[in-house]
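Trainee: One structure, as structure tokens, below. Some questions next.
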């Protein structure tokens, strides 16, 4: 990954939300993200997404990717990005050690309640799964602290509680 050679070109004075100048600033940021940072289109947003507050999710995804890139160059990353990096590091360490992962197969919510550990993240996961109104519920497998598999997927879902969010 290379350090961006250009800065974002923008006008800071007398910018009214929704104006041409505001749209131009957003467009310049999008162009900088694509050209200088090389952010993929799937993580990008459109000018109207931000100006008209239409698709804030894509805007947030783009900002998180900018933060990820910035953290590679020594910038302080948001807590969410720091947690992602911790998870990736944990996974690399586990794979390097060749440590087997012990599974606790929990086929339904009743069984989950009987077997769940009293740790708070597990209780939160249980509460979230309890909101599911699907006719047939997916099994949840607690892989280890903060790591779960839901359904038949092999994809791990990481659950972290942000400090001060409880």
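Residue numbers (UniProt numbering): 1 to 166. The beta carbon of each residue, even a glycine, is placed where N, CA and C say it ideally should be. Note that the structure is predicted; figures quoted are calculated from it, not measured.
#1: Excluding the 5 residues flanking residue 8 on each side, which residues of the same chain have their C-beta closer than 7 Å to its C-beta?
#2: Is there contact here, the stretch 50-69 with the stretch 33-42, by at least three beta-carbon pairs under 8 Å?
#3: With a Cβ-Cβ cutoff of 8 Å, do residue 26 and residue 52 count as a contact?
#4: Out of curiosity, what's the CA-to-CA distance linking residue 116 and residue 128?
#5: Could you compute how far the alpha carbon of residue 12 sits from the alpha carbon of residue 78?
#6: Going by DSSP in three states, residue 144 sits in which element: helix, strand or coil?
#7: Identify whether residue 8 lies in helix, strand or coil by the three-state DSSP scheme.
#8: For the alpha helix (DSSP H) that residue 83 lies in, which residues bound it at each end?
#9: Closer than 8 Å by C-beta to residue 110: which residues in its own chain qualify, once you throw out the five before and the five after it? Chain order, please.
#10: Tell me residue 158's beta-bridge partners as DSSP assigns them.
#11: What does the alpha-carbon distance come out to for the pair residue 131 and residue 137?
#12: In terms of alpha-carbon separation, which member of 6, 60, 16, 10 lies closest to residue 36?
Mentor: On the basis of the data shown:
#1: The residues are 28, 29, 32.
#2: Below 8 Å, enough C-beta pairs join the stretch 50-69 and the stretch 33-42 to call them touching: three or more.
#3: No, the Cβ-Cβ distance between residue 26 and residue 52 is not below 8 Å.
#4: For residue 116, the predicted structure reports a pLDDT of 48, less than 50, and the residue's modelled location is therefore unreliable. A value from the coordinates is still provided. Approximately 14 Å, taken between the alpha carbons.
#5: Rounded to whole angstroms, residue 12 to residue 78 spans 24 Å at the Cα level.
#6: Three-state DSSP puts residue 144 in a strand.
#7: DSSP, read as helix, strand or coil, puts residue 8 in coil.
#8: Element bounds for residue 83: 79-97.
#9: Since pLDDT at residue 110 reaches only 47, below the 50 mark, its modelled position is unreliable, and no value is offered.
#10: BP columns for residue 158 point to 147.
#11: Near 11 Å, if we compare the C-alpha coordinates of residue 137 and residue 131.
#12: Of 6, 60, 16, 10, the residue nearest in Cα terms is 6.
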